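Scroll down for the structure; my scribbles are underneath it.
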Amino acid sequence: MNKRLVILLFSLITLVIFVGITLGLREKTTLPEKMLLDTTSIFQRIFYKPASSIAGLFQNVKDMYSIYEENKVLKSNLEKFAQVSAELNRLKDENQRLREMLDAKESMSDYKLLVAEVIARSPDRWNNVIIIDKGSKNGIKKDMAVLSPKGLIGSVQRVANFSSSVQLLTDVERGSQISVVVQGDQSVFGIIEGYIFEEGLLVMRKVPIESPLKPGQMVVTSGLGGVFPPGLLVGEVTQVVTGDYGLTQMAYVKPAADFYRLNEVFVVERSFVVPSDQGVQP
Amino acid sequence: MNQIIFSLILLVLFIVEGTTFQVFYADLTDLTYVMIPRYALTFILYASFYIGRIRGMWYGIAIGFLQDIIYGDIVGIYTFTMGVVAYFSGLTFKIFHPNVLLIILSLGASLFFHEGIAYGLFYLFSLTDVGWRWQLSNVWIPTVLLNMGFGILVHYVTQRWMVTLDGLEEEEKSS
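Protein sequences appear in the order of chains A and B. Using this note's numbering, read the first sequence as starting at 1 and increasing by one per residue. Using this note's numbering, read the second sequence as starting at 1001 and increasing by one per residue.
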């Protein structure tokens, strides 16, 4: 009986040591880890493809009910679209012209998108990780931003040869924080550094108290810190409250991306990626 | 031979947890309740009644370790919880006689215990700040129900096979 107690105690100590060692973000993905990730990804691929196609069928049936309503809304949006795209072209020209005047050749927002498919995701909700079918052989590096068609979903956490894992925004307090800017008459800078699980909202802190901030404004990445390129859509402000000690404001941001329906994602390939430890500094 | 088949089934269940279920889940529910599929663990717990607690514990440690490496960046939490829970659920077999109802009930209790200590550890190392009330009503209970359903299914499919699995006698003798 005593022996068992000793074993239990010993294993508890081992647990604490192991967790302690691996608690800080591990920088390098080791070779055995890579091999394990790659091998499982082969099987995950086999299972995910048929499942997602069958699930797509369900989704199609569901969609048919809402198509009529959606169509009406889309038509009215289309009228606005022509105007917006004209505006966009004008701004692009202007941007180009101004850039030439400044003699800046490379834009911060130059990036290429790499399409990847999701092949698995973590079953629990504490590790919000998805696994995609592209790895270092396809040019993926640690800390690259990952988008869904609707908006930013996270960044690359670990890279194996043919697969890599992506940490979702819902884990934001454990990874790097994200420097964002709220669009409006006057740009407001802030930092996304938390996620409220119960309500599915991101928390933006450290906004100066006098900054104009109201619900409905769009939140995009600012590009400061160099981890994410500027202008990637994060979400929409839903509520503004006074922050800690009443010196700053705090805003809740509803993410634009749907973290639960992810089939295809885009990895943002940048020519320069700054390591996360020198990344965003508030 | 039986052991190889058993390990293969475990690996397939582990893969299925991360792939198929997540796809259907998003399409079929409104996502207020979170069900975490723990098929591999449920199968281990169930098998642990029959093949003995020590071997159950080793299977639990193996699957937990896989889970830690592939989906998380902290090694040790699931390795520990799955091992411990498999060990203790094997222990209940000594108290209960193998009655269907009692097996399913103690399966449920073990699953509940597992979610509890997993949440506790994640909370302890401040990797989550979800409140336990919300966790209990929206995650623990749905998760336990889902996996108990799976446990019942497994019970009817594999019961005969489990009894013939070698190792039960050895375990009884050695302890």
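All residues carry an ideal CB built from backbone N, CA and C; glycine is no exception. No experiment lies behind these values; they were computed from the predicted model shown.
Sheet register partners of residue i (DSSP bridge)
i, result
"Gly-194/A", "Val-203/A"
"Gly-154/A", "Val-146/A and Leu-168/A"
"Val-219/A", "Val-182/A and Gly-235/A"
"Arg-1160/B", "In DSSP, Arg-1160/B forms no bridge with anything."
"Arg-121/A", "Ile-130/A"
"Val-240/A", "Ala-251/A"
"Lys-112/A", "Glu-269/A"
"Ser-189/A", "The residue you asked about is not Ser; residue 189/A is Phe in the sequence shown. DSSP lists Val-181/A as partners of Phe-189/A."
"Pro-208/A", "Thr-248/A"
"Glu-264/A", "Glu-117/A"
"Val-159/A", "Ser-164/A"
Any C-beta of chain A under 7 Å from that of residue i
i, result
"Phe-1049/B", "no"
"Gly-1149/B", "no"
"Pro-1037/B", "yes"
"Leu-1161/B", "Per the sequence presented here, residue 1161/B reads as Trp, with Leu not at that position. Chain A, which has no Cβ nearer than 7 Å to the Cβ of Trp-1161/B, makes this no."
"Glu-1172/B", "Only weak support is given to the placement of Glu-1172/B: the predicted model assigns it a pLDDT of 47, under 50, and the value that follows is read from those uncertain coordinates. No, no contact with chain A."
"Tyr-1071/B", "yes"
"Ser-1175/B", "Below a pLDDT of 50, predicted positions are generally treated as unreliable, and Ser-1175/B, at 42, falls in that range; the measurement from the model is reported next regardless. Closer than 7 Å: no."
"Thr-1020/B", "yes"
"Gly-1076/B", "yes"
"Glu-1017/B", "yes"
"Trp-1132/B", "no"
"Phe-1006/B", "no"
"Val-1157/B", "no"
"Val-1085/B", "no"
"Phe-1080/B", "yes"
"Phe-1024/B", "yes"
"Val-1034/B", "yes"
Own chain residues within Cβ distance below 6 Å of residue i, not counting five before or after
i, result
"Glu-1170/B", "Model confidence at Glu-1170/B stands at a pLDDT of 48, short of 50, so the residue's coordinates are unreliable; what they give is reported in the following sentence. The answer is none, since no qualifying residue turns up."
"Ala-962/B", "Any answer about residue 962/B is impossible in this case: the structure gives chain B only from 1001 up to 1175."
"Gly-20/A", "none"
"Asp-277/A", "Interpretation of Asp-277/A is limited by its pLDDT of 47, a score under 50 that renders its predicted location unreliable; the figure taken from the coordinates is listed afterwards. Excluding positions up to five away in sequence, the list is empty."
"Glu-1017/B", "Pro-1037 and Tyr-1039"
"Thr-1092/B", "Ser-1106"
"Ser-1048/B", "Gly-1056, Ala-1086, Ser-1089 and Gly-1090"
"Leu-147/A", "Phe-266"
"Gly-1060/B", "Ile-1044, Met-1082, Gly-1083 and Ala-1086"
"Asn-1147/B", "Arg-1038, Thr-1042 and Leu-1111"
"Gly-184/A", "Gln-217"
Cβ distance (whole Å) where residue i is taken to contact residue j below 8 Å
i, j, result
"Ala-145/A", "Leu-232/A", "6 Å"
"Pro-149/A", "Ile-1036/B", "That pair is no contact at about 27 Å."
"Asn-138/A", "Gln-167/A", "The pair is not a contact, with the Cβ atoms about 19 Å apart (cut-off 8 Å)."
"Ser-164/A", "Ile-140/A", "5 Å"
"Arg-270/A", "Pro-215/A", "32 Å between Cβ atoms; not a contact."
"Val-219/A", "Gly-194/A", "So it is not a contact: roughly 14 Å between Cβ atoms."
"Phe-47/A", "Thr-1019/B", "4 Å"
"Val-268/A", "Tyr-111/A", "5 Å"
"Ile-1063/B", "Leu-1010/B", "6 Å"
"Val-203/A", "Val-188/A", "Actually they do not touch by this definition, with Cβ atoms about 15 Å apart."
"Ile-131/A", "Gln-44/A", "6 Å"
Chain B within 7 Å of residue i, Cβ atoms only
i, result
"Asn-127/A", "yes"
"Glu-193/A", "no"
"Thr-248/A", "no"
"Tyr-68/A", "no"
"Leu-31/A", "no"
"Pro-123/A", "yes"
"Tyr-48/A", "yes"
"Gln-44/A", "yes"
"Ala-160/A", "no"
"Phe-18/A", "yes"
"Thr-221/A", "no"
"Ser-52/A", "yes"
"Glu-210/A", "no"
"Thr-22/A", "yes"
"Ala-120/A", "yes"
"Glu-198/A", "yes"
"Leu-57/A", "no"
"Leu-15/A", "yes"
Proximal residues to residue i (C-beta, below 8 Å), its chain only, five neighbours per side dropped
i, result
"Ser-52/A", "Asn-263"
"Gln-186/A", "Ser-211 and Pro-212"
"Val-1075/B", "Phe-1065, Asp-1068 and Ile-1069"
Residues near residue i in its chain [Cβ-Cβ closer than 7 Å; skip 5 each side]
i, result
"Phe-1112/B", "Trp-1140 and Val-1144"
"Ser-86/A", "Note on residue identity: the sequence assigns Ala, not Ser, to residue 86/A. Correct list: empty, nothing qualifies."
"Pro-255/A", "Gly-151, Leu-169, Leu-202, Val-234 and Gly-235"
"Gly-135/A", "Val-159, Ala-160, Asn-161, Phe-162, Ser-163 and Ser-164"
"Glu-1172/B", "Below a pLDDT of 50, predicted positions are generally treated as unreliable, and Glu-1172/B, at 47, falls in that range; the measurement from the model is reported next regardless. Around Glu-1172/B: no qualifying Cβ."
Every unbroken alpha helix (DSSP H) within the segment 1060-1121 of chain B, with a cutoff of 4 residues, ordered by chain | 1077-1095
Every unbroken alpha helix (DSSP H) within the segment 53-109 of chain A, with a cutoff of 4 residues, ordered by chain | none
Segments assigned alpha helix (DSSP H), at least 4 residues, entirely inside the segment 1-48 of chain A = 2-23
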